[in-house]
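The sequence shown begins at 11 in my numbering and counts up by one.
Below is one structure; the comments refer to it alone.
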Amino acid sequence: MKCSPVDSENFMHVVLPLLEQGEAHALAEAVKLRWTSGQLCQLLHYGSLDVRKVVCLTLGLVGCRKCTDCLAHVLRDEDTQLSQMAEHALWSIWFRSGNAKALPFFKRGLNALNQNDLPQSLDHFHRAIQVDPNFAEALNQCAIAHYLLEEYAKALEDCLSAVELVPIHFGALAGMGHCYAQMEDLPSAARCYQRALQINPRMDGIAQVLVKIETRLKKPSDTIAPQSSS
């Protein structure tokens, strides 16, 4: 069913004050009462640059999985700031995409990961995945913990599962590239980095690693050092 167009002036009038006040709950209620996800995605594509930036901010706070494909499209926008805002919105949606019972375990896992308590973080992430097997970001964070423990095969398995659930997850695709690089499967690493960059072309660190890998494949004496996916 086709969504009716959104009045951009009305949208800005309603949303901007709530964004400035940091009223996320009030913003969520206001958006739900007035617009569907499809209408916001239309505005994200066809509004002015300023409106599109506000839509990205709004979706970062209250958006859902239905909004991720339209945000992924914006990752390739010619305006650098807008594409960065779309990336931030995607990460925000992914981080809260688990169900209500899984999120507390996930947050504990993030806290443990930030404190470099990798075994504890894995325990929490695994519990989040048990509660919500479709929680792709819990799988991706699990992969990060396994990677830091140098358990590359396990990290790769988690990344693959995350990408199966969210094919546009450029972070998990980059993680797959890191794992393959550590496992000395450079052709597979290159393919994963290429896929990640097709979705999010502004991952400069990944682009640099890909150049090194492509050079290494031509000159085997070169060395590779995987970098951050951001």
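Glycine is no exception: its CB is placed at the ideal position from the N, C-alpha and C atoms.
Alpha-carbon spacing of residue i relative to residue j, whole angstroms
{"i": "His-136", "j": "Pro-129", "result": "11 Å"}
{"i": "Gly-32", "j": "Leu-123", "result": "27 Å"}
{"i": "Ile-178", "j": "Val-24", "result": "31 Å"}
{"i": "Asn-150", "j": "Ala-172", "result": "6 Å"}
{"i": "Ser-198", "j": "Val-84", "result": "27 Å"}
{"i": "Cys-202", "j": "Val-41", "result": "37 Å"}
{"i": "Pro-9", "j": "Leu-207", "result": "What is shown of the chain runs 11 to 240, which leaves residue 9 out entirely."}
{"i": "Glu-194", "j": "Leu-50", "result": "44 Å"}
{"i": "Thr-46", "j": "Ala-38", "result": "11 Å"}
{"i": "Gly-187", "j": "Ala-200", "result": "7 Å"}
{"i": "Cys-80", "j": "Leu-54", "result": "8 Å"}
{"i": "Cys-66", "j": "Lys-229", "result": "43 Å"}
Three-state class that DSSP yields for residue i in the structure shown
{"i": "Cys-77", "result": "helix"}
{"i": "Glu-161", "result": "coil"}
{"i": "Asp-168", "result": "helix"}
{"i": "His-55", "result": "helix"}
{"i": "Phe-180", "result": "helix"}
{"i": "Met-186", "result": "helix"}
{"i": "Gln-125", "result": "coil"}
{"i": "Ser-239", "result": "Any reading at Ser-239 needs caution, since the residue's pLDDT is 48, under 50, leaving its predicted position unreliable; the model's value is listed next. In this structure, Ser-239 counts as coil in the three-state DSSP scheme."}
{"i": "Ser-47", "result": "helix"}
{"i": "Leu-85", "result": "coil"}
The alpha helix (DSSP H) enclosing residue i, as first and last residue numbers
{"i": "Met-22", "result": "18-31"}
{"i": "Ile-223", "result": "214-228"}
{"i": "Ile-139", "result": "128-141"}
{"i": "Ser-198", "result": "196-209"}
{"i": "Val-41", "result": "34-44"}
Per-residue burial, residue i [other beta carbons within 10 Å of its own, 16 or more giving buried]
{"i": "Gly-108", "result": "buried"}
{"i": "Cys-74", "result": "exposed"}
{"i": "Gln-125", "result": "exposed"}
{"i": "Asn-20", "result": "exposed"}
{"i": "His-156", "result": "buried"}
{"i": "Ala-242", "result": "Nothing about residue 242 can be read from this structure; the chain reaches only from 11 to 240."}
{"i": "Gly-181", "result": "buried"}
{"i": "Val-221", "result": "exposed"}
{"i": "Asn-121", "result": "exposed"}
Ranges of the alpha helix (DSSP H) found wholly within the segment 89-115, counting only runs of at least 4: As far as the segment 89-115 is concerned, its whole alpha helix (DSSP H) runs of at least 4 residues are 90-105.
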